[in-house]
Every structure is written in structure tokens, then in C-alpha cells.
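As C-alpha cells, the structure follows; a few thoughts come after it.
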Amino acid sequence: MKKISILALLGLLSVAVLSGCKDGTKKKEKLEGSVVVGITQDLDSLDPHKAVAAGTKEVLYNLFEGLVKPDQDGNLVPAVAESYQISEDGKTYSFVLRKDVKFHNGKTVTAEDVLYSLKRCAGMLETSDPEVQVVAALSVISDITASTENGATTIQVNLKEANTELIGYLTCSIIPCDYADQKTKPVGTGPFRFVSYTPMSSLVMEKNEEYYGKKASLKQVTFSISESTDAAFLKLQAQEIDVFPYLTSDQAAQLQDKYNIEVGEMSLVQGLFLNNKVKPFDSKEVRQAVNYAVNKDEILTMLNDGKGKKIGSGVYAGFGAYFNENCVNTYSYDPEKAKELLAKAGYPNGFAFTCVVPSNYTYHVQTAEVIAAQLKKVGITMNIQLIEWASWLSDVYAAHDFEATIIGLDSQLAPSDILKYYIGGSKKNFINYESEDFDTVYKAAVATTDTAKKKELYMKAQQYLADDAASVFIQSPSLMVAVSKAYTGYTFYPIYVQDMSTLYIPER
Amino acid sequence: MKAVKKGLSMLAAILVLSFVTFLAFEILPGDAAVTKLGTNATPEQIEALREEMGLNDPFLVRYGRWMGGACTGDFGMSNRYGRPVSELFLQMLPNTLLLAGLSFLLILIIAFPVGLLCGRYPGSIGDRTGVFLNQTLMAIPSFFLGILISVVLGLGLKLFTPGAFVPYDQGLGACLSYLFFPALAIALPKAAMTIRFLRSALLGERRKEYVRTARSKGLGEWEVLVKHLLPNALAATVTFLGVILSEIVAGSIVIEQVFGINGIGRLLVSSVANRDFNVVQALVLYIGIVVIVLNGVIESLVQKEGE
Chain U
0 MKKISILALL
10 GLLSVAVLSG
20 CKDGTKKKEK
30 LEGSVVVGIT
40 QDLDSLDPHK
50 AVAAGTKEVL
60 YNLFEGLVKP
70 DQDGNLVPAV
80 AESYQISEDG
90 KTYSFVLRKD
100 VKFHNGKTVT
110 AEDVLYSLKR
120 CAGMLETSDP
130 EVQVVAALSV
140 ISDITASTEN
150 GATTIQVNLK
160 EANTELIGYL
170 TCSIIPCDYA
180 DQKTKPVGTG
190 PFRFVSYTPM
200 SSLVMEKNEE
210 YYGKKASLKQ
220 VTFSISESTD
230 AAFLKLQAQE
240 IDVFPYLTSD
250 QAAQLQDKYN
260 IEVGEMSLVQ
270 GLFLNNKVKP
280 FDSKEVRQAV
290 NYAVNKDEIL
300 TMLNDGKGKK
310 IGSGVYAGFG
320 AYFNENCVNT
330 YSYDPEKAKE
340 LLAKAGYPNG
350 FAFTCVVPSN
360 YTYHVQTAEV
370 IAAQLKKVGI
380 TMNIQLIEWA
390 SWLSDVYAAH
400 DFEATIIGLD
410 SQLAPSDILK
420 YYIGGSKKNF
430 INYESEDFDT
440 VYKAAVATTD
450 TAKKKELYMK
460 AQQYLADDAA
470 SVFIQSPSLM
480 VAVSKAYTGY
490 TFYPIYVQDM
500 STLYIPER
Chain Z
0 MKAVKKGLSM
10 LAAILVLSFV
20 TFLAFEILPG
30 DAAVTKLGTN
40 ATPEQIEALR
50 EEMGLNDPFL
60 VRYGRWMGGA
70 CTGDFGMSNR
80 YGRPVSELFL
90 QMLPNTLLLA
100 GLSFLLILII
110 AFPVGLLCGR
120 YPGSIGDRTG
130 VFLNQTLMAI
140 PSFFLGILIS
150 VVLGLGLKLF
160 TPGAFVPYDQ
170 GLGACLSYLF
180 FPALAIALPK
190 AAMTIRFLRS
200 ALLGERRKEY
210 VRTARSKGLG
220 EWEVLVKHLL
230 PNALAATVTF
240 LGVILSEIVA
250 GSIVIEQVFG
260 INGIGRLLVS
270 SVANRDFNVV
280 QALVLYIGIV
290 VIVLNGVIES
300 LVQKEGE
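Chains as they are written, first to last, in numbering that gives the first Met the number 0: chain U, 0 to 507; chain Z, 0 to 306.
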């Protein structure tokens, strides 16, 4: 009898669960004027100075601002500062602060906050937090001072040596100087304010009603974290996500009835990076041969439906005036020439090497597969080895222990930043590229205050990289964004951001 | 005396487990400080962070420090999320426990009626179909069953939205109704195994002498089955269910991954990838304790019944 009553109880419970299930499938009522944005990476820190991943920075862009911030054309426009000036010798930057900027906790931004924030990013605070990402480029700063005159506060940044590009790094977020909970409840000055964060699940922010500039149109933004692009795609199909920025071309084709597909370019230099110090890539001829053997057009067609932008050197197309278009055609696809060069270098029958690819980047893995097939045609065997991101960082990036890898390099809005990977002897030069010519030109370009001259020098630097075949610079991949048909105003930027302040719901 | 001995051996097992996990992380490539700071860090910054995280101390010193903390309930900070490990753990645990509870419930609901029916009418068409279905379900790996359920019940019949998991603290009803489907993916193969187990135990009992005695007393087939066969067949089945229970309470890593559930299993996977050492260590300890303690409890239960 007892057994039977237990069975009956179980039966009842299952009915309860199943009926609960029916209720649950009803769609949750969505807050009016809100949007759900899908992201595929969990956030690595909520403190903007500690965030490392591009996937985190693109979210935090909505909460924080620097003295200046990038606009959609790649210009730096005043934000917390009202205006700025760079002295003619390129050694002094002065910023006049806005008077009406308030942090999300209600406090007014003071000179003290600005000094604290800048010094924290530059590693100039007396007690430093080792988790803070110190911006290496800011080490040219000798001191930062504040002065007030007629009620207007001016921040003056003095440099040890001339550098007119530093403005691109002064986008560093302004945060309150006396606030301890930045890591868990971030406070900034951006158009949205932080509401909540649940690890592995979501980050919620709401409109900042006190914002000094053009206020956001949406009331609430939820960044919903998915396990992978595939998992996010399932949510897209069920319309649980309104905006999703990392579609593949196959996925985009399946969504067209419910979503508008916006197409832009990623702010990345995607390349097959070759370790210039290991055999056989220590030979320039071999590197050139690999360059001739890679068919970039085919990569674009196979992976992006022909979209995206081919590159030929270390700067991506989003840099506009600083992008050297000529390098794109330094090596056009020519397998015969590749074979010739290989024979000349002493490898008439080709060779085999291992290309390590971080397994979490499906796109780079797919690129590797296409390239492996292309290299096979000239007798080169490329073995693909998938590794964890943590291993990539320690083995490839820190220890320079690899033969070849496929990765995308991103950057601040300064040409010196995207080209820093090739400076001789630098720890960041993971491909071990060495060229005195490049180093000289790079140094001169950073120092010059003459814009035309600067441009010319950077063009030259890129040409050196291309001529030496430092690596195979492939493309800035296309970025396909699904935006639900209910919204308009999605904006692309030449850096990694998801700006939700421009998005709105048009009246019907 | 016996209980003390048992407790000590459990403790020893847990100690060995924690030491081995520590050792595994020592051998694993990838450095926690490098992973945290990413591509823009200078060697000096990495060194400073390593120092702060205590990674520069000798292996045994670090193990001792961790053990000391763990004994007082302090599992350190997650370096990925910048919050205490215990807080993260407690945030994820209810989701895993709900999933485990629901799965176990489903196993019982499915396995007992079907198992009894098969035991009642062995060799009938129903029994043979049951056995065939059982074999099939047992052969399907749970991740594949998970994908199958997502595609058919989720995308096809639109009974739920795959991936749109709602954590328990944002709505228990919605959470449970979502968890029903992953629970199904966990329960079906395990229920199939239980049915097989129960059925063969019942058939084994049926051949024994006392059954004939019971029948000769004039008891009906069902009465014989429920009153005499089932209690005897139960001992072995309970042991088996215990193993299953410890498996699912420890977190179904694969199913949590497939269905995007924020539970222990998924946290474990992402923490290993991020070299979030303190979290991994605490989770492995939890899983170890669950398995060891549950197995111990069931062992003693079955022994008592046998006495």
C-alpha cells in the first residue's frame, strides 16, 4: 500500500511539473522600449580598466566614457572633456572639462576623478592594482595636472617626448576616485547605467536620465550571454534576442524574414602569422611563397559570401587615411610563383608545419581549413592544431613558441597601436619580425607632429611589412549583425563597440 | 567503530582527490595571470599579478594554503569573476540541484511502472517492444539526445526555446518548465537502464521457491509482484539508483552545456578554460564529496537491508 501511495505522489508531482511547463512557455512580457543583445563571451571584468576581452569592452562602452570617445567615422570627439588641444610641439595635451557631467551614482565628475582615472590607466598611481590593464603607450606621460580658472577646469597632460597620437589612448574610462565597488557595481558617465550582472547569464543596464549629451532612446538593454554562436542562433530563431552581431553568412541567410542583416567590417587584422625565427619561416622566400599560395579572394568567398576587406599589411581598412591600399596587391594569388620561390629556398618538394589556432574562435578555425587546402596545392602541408585560448596566450603570445598561428589583432584608434606588434625586440612582437628599417620609420612616425609626414611614414612602415612578407595578412572579416525589424539605428564603429544609445524603435 | 573507519576512508579519498586536482592544474599549460591580463600585458605586470595571486610560491606551500582556507570554509576568490568562490557556487548550485531533482523524479516515474509491467508480462509483445526501446535509448549518448530534444521538441514543436534558460531566482516556474527538457535528456537513458535492471531482478526473483508458495496461497499475479517480488528486487535497484543519483547531483556537464544551463557543470568547464583555479578546485571537491558520501550512504543502507 505504501508503495502505491508513493507512486501516486510521484504521478501528482509530474502532473504539477507538466502543468507548470504550460504556464512557462508563455512569452515573458517584455518591457517597453527595451532590447536584448546577444553576446557569445562572458564578461571578464566590470571594471573598465581591468577588462581585457574585446567582447567585454564592446559592452562596457555603453556605461563608460573617456575624456574623448570615438565616433562612427573614427574621429575622436569630446566626451567628459568639452574640448581639447594638442600643443604644436606635440608634448602637451590640454582638456577643458564639461561642468555638467555626473557619475551614475549622482556625484559630479571632478578634476580629482579625472586625474585618478588617467593615472590608473597609465600605471602612475602610488599603490597599483596588478589587475589593471596599464596602457603601455601612456608611459610617455611625465605628469598630469589640473587647474581651475573662471570656474572652468583644465586637465593638462605633459609628455616626455612628442607624440601626437596619444589622443587615441586617452579614451580611457573616467571613473570615480573614491568608489570601491567598481568590480561588482560599475559606475561611469555613459548613456546607460549598470543594473545587474549574473555570471554566465546576462548584464542589464538602463537609460541614464542624467546624461549630459543626447540621451539614449531605449529604456533598458540586456546583454544576454550565450554559450556559443550556435546557441545564440537558436535564441535568434525563437526571437529571444533582438540584436546579434556575430552571424556567419549561412546563418544570416536563414534569418532574413524576421531580421534586417546589417553588414560592416570587423576592426581586425586577421592573418596567418608566421614565426620569423623558426625554420623554414626564417627564410623570406619561404614566407613570400606562402603569401603567393594563399588565395584571399577564395577565403572571402567561402567564409563571408565575398564580403569583408582584403588587406596586405598590418593595418586594417577601418583606419581610413592610414591604410596602405597598395600593399593589398603585393602578393596576388600565384601558385606557380610560390613553387618557384620554394624551390629557390631549397624546398622543391614543399614542407610541413603546424599551425595552432585557438579553438574558441570558430572563424579562425574555418579560415585555417581553407588555407590548409590552398597550401596543399603548392606542396606545403599545414597541420592544424586546436588549442585552448589560455594555452594560446601563454605559448604563442607570451613565449613565442610556435610555428604559425591564425588570429585577429585589434587595436586602439592609433596607427602606432596596431603596428606595435612588429617593433624589433618587443615582447608583443610574437612573430619575431626584425627590420631596422621598420623600427626607424615607426619611431619617426610616432614622433612627428606633421600629419602629412606621419601618414607617409606609416605607409612606408606597412610596405616594409608587406615586402618582407612578415606574415600573411589576410583580411578585415565582414561583420554581419542581425537586428530585429522592430529597431533602427544600429551603428558600426571602426573599433569594437556595440553602441546601444543610437538604437531606437520607430513609430509605426 | 565501523562508522569511524568508513568516515576516515572517505576523508582520505577526498584529500587524495583535492591533491590530484591541484597537481593536474600544475601540469596543464596556460598561466592564470597571463590568461587574466591578455595580450596587452607587459612581463612586469604579469609578474606583479603572479605575485599577488601567490602563484610564485612553491607547489606544496600553495596546496597547504588552499587546504587551510578550505577547512575554514574559505575557498578564495574567483579570479575570473572577482567575487568569492562560495558566492558563485551558491548561485549555480540550485540550478544544478533542480535539474538533478527533476531528472531523478522522471527516472522514477518512468522506470517503475514500465519495469513492473515488463516484469509482470515477460515475453509479451509489450515487453519485447519495451526491451527494444530500452536498448535503443541506452545506446544514444546523452549529448545527442539533448540535441535531438532541442531540435524536435524545441525548434520543431516549439514546446520550449533552446538556450533561453531562466535561472531559478528569476522565476522558479519558468526555470522548472525549461529544465523539464534537459531533465528528459538525462532521465531517458538512465531510466532505460533502471528498467532493464528492475526487470531482470524481478524475473530472477520469480523463479524462486517462495513465489510458488505465495501463489498457492491464492494471491493474484499483481499482488505477488508488488508484495513479494518488488521488495526483494528493490535492494539491487536502489544501489543502482544511488549511483545514478550521485552522477546527476554532481552536475551533468554535457547536458548543462547543450542546454545552456548555468549550473555546476557549465561553471566547471568555463573555469577550466579560464584557468580559474580556485573555482575548479572547489567544484571538484564538491563533486568528489557528493559521489563519495552518496555511495557511502547507499552502501550502508543496502548492508542494513541485507542484515
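Built from N, CA and C at the ideal position, the CB exists for glycine as well. Please read these numbers as outputs of a predicted model, since none were measured by experiment.
query, result
"Can you list, in chain order, the stretches of the alpha helix (DSSP H) that have 4 or more residues and sit fully within the stretch 400 to 475 of chain U?", "414 to 417, 435 to 446 and 450 to 466"
"Using the C-alpha atoms, what's the distance from L16 (chain Z) back to G287 (chain Z)?", "7 Å"
"Just the C-alpha distance for A337 (chain U) and A288 (chain U), rounded to the nearest angstrom, thanks.", "4 Å"
"Here's the rule: buried if 16 or more other CB atoms are within 10 angstroms of the residue's CB, otherwise exposed. What is N323 (chain U)?", "buried"
"In this structure, does DSSP put K21 (chain U) in helix, strand or coil?", "Bear in mind that the predicted position of K21 (chain U) carries a pLDDT of just 42, short of 50, making it too unreliable to give a figure here."
"Say whether chain Z places a C-beta atom closer than 8 Å to the C-beta of K56 (chain U).", "no"
"Starting from the Cα of L154 (chain Z), find the closest Cα among Z:L54, Z:F258, Z:Y62 and Z:V283 and give me that residue.", "Z:F258"
"For T193 (chain Z) and chain U, any beta-carbon pair shorter than 8 Å?", "no"
"For chain Z, check one thing: does any of its Cβ atoms lie closer than 8 Å to the Cβ of P244 (chain U)?", "no"
"What does D30 (chain Z) reach in chain U if we use C-beta pairs closer than 9 Å?", "A389, L392, S393 and A397"
"Spell out whether any CB of chain U is found under 8 Å from the CB atom of L36 (chain Z).", "yes"
"Along the chain, where does the alpha helix (DSSP H) containing N94 (chain Z) start, and where does it finish?", "V84 to R119"
"With respect to the alpha helix (DSSP H) encompassing S195 (chain U), which residues constitute its N-terminal and C-terminal limits?", "No alpha helix (DSSP H) contains S195 (chain U), which is instead part of the beta strand (DSSP E) from F191 to T197."
"By a C-beta neighbour count over all protein chains shown, 10 Å radius and 16 as the cutoff for buried, is W221 (chain Z) buried or exposed?", "exposed"
"Please check if any C-beta of chain U sits within less than 8 Å of the C-beta of T95 (chain Z).", "no"
"If you follow the alpha helix (DSSP H) that T228 (chain U) is part of, which residue opens it and which one closes it?", "T228 to Q236"
"Please list, in chain order, the residues of the stretch 69 to 85 of chain Z that have any C-beta partner in chain U closer than 9 Å.", "S77, N78, R79, Y80, G81 and R82"
"What residue ranges within the stretch 35 to 113 of chain U form continuous alpha helix (DSSP H) runs of no fewer than 4 residues, ordered along the chain?", "53 to 59"
"Ignoring anything shorter than 4 residues, give me the alpha helix (DSSP H) runs that lie fully in the stretch 106 to 174 of chain U, in order along the chain.", "110 to 121"
"In terms of residue numbering, what span does the beta strand (DSSP E) encompassing I201 (chain U) cover?", "According to the sequence displayed, residue 201 (chain U) carries Ser and not Ile. Counting along the chain, the beta strand (DSSP E) containing S201 (chain U) begins and ends at S201 to K206."
"Note down, in chain order, each residue of its chain lying with its Cβ closer than 8 Å to the Cβ of V301 (chain Z), except the 5 sequence neighbours on either side.", "A234, V237 and T238"
"Would you list, in chain order, the members of the stretch 220 to 232 of chain U that have their beta-carbon closer than 8 Å to a beta-carbon of chain Z?", "S225, E226, A230 and A231"
"Considering C354 (chain U), what are the terminal residues of the beta strand (DSSP E) in which it resides?", "A351 to P357"
"Any beta-carbon of chain Z closer than 8 Å to the one on G23 (chain U)?", "With a pLDDT of 40 at G23 (chain U), under the threshold of 50, the modelled position of this residue cannot be trusted; read the value that follows with caution. Yes, G23 (chain U) counts as interfacial toward chain Z."
"Among the residues of its own chain, which have a CB less than 6 Å from the CB of L105 (chain Z), if the five just before and after it don't count?", "A182 and A186"
"Count the other CB atoms within 10 Å of the CB of G313 (chain U); is the residue buried (16 or more) or exposed (fewer)?", "buried"
"Residues of chain U with a CB under 9 Å from the CB of A272 (chain Z): which are they?", "N359, E387, W388 and A389"
"Are V51 (chain U) and Q132 (chain U) closer than 8 Å when you measure CB to CB?", "yes"
"Pick out whichever of U:E205, U:S500, U:S425 and U:P505 has its Cα sitting closest to the Cα of Q71 (chain U).", "U:S500"
"Once the 5 residues before and after S146 (chain U) are set aside, which same chain residues still bring their CB inside 6 Å of it?", "T153"
"Hey, could you find the ends of the beta strand (DSSP E) S477 (chain U) is sitting in?", "S477 to S483"
"Judging by CA-CA distance, which residue of U:L299, U:P414, U:A251 and U:V364 is the nearest neighbour of G319 (chain U)?", "U:P414"
"Relative to the ligand ZN, is the shortest distance from any of its heavy atoms to the C-beta of C70 (chain Z) smaller than 7 Å?", "The ligand ZN is not part of this structure, which contains no ligands at all."
"Quick one: is C326 (chain U) buried, meaning 16 or more other Cβ sit within 10 Å of its Cβ, or exposed?", "buried"
"If you check the beta carbons only, do N162 (chain U) and V445 (chain U) fall under 8 Å apart?", "yes"
"Name the two residues that bound the continuous beta strand (DSSP E) containing Y489 (chain U).", "Y489 (chain U) -> no beta strand (DSSP E), and no H or E assigned at all."
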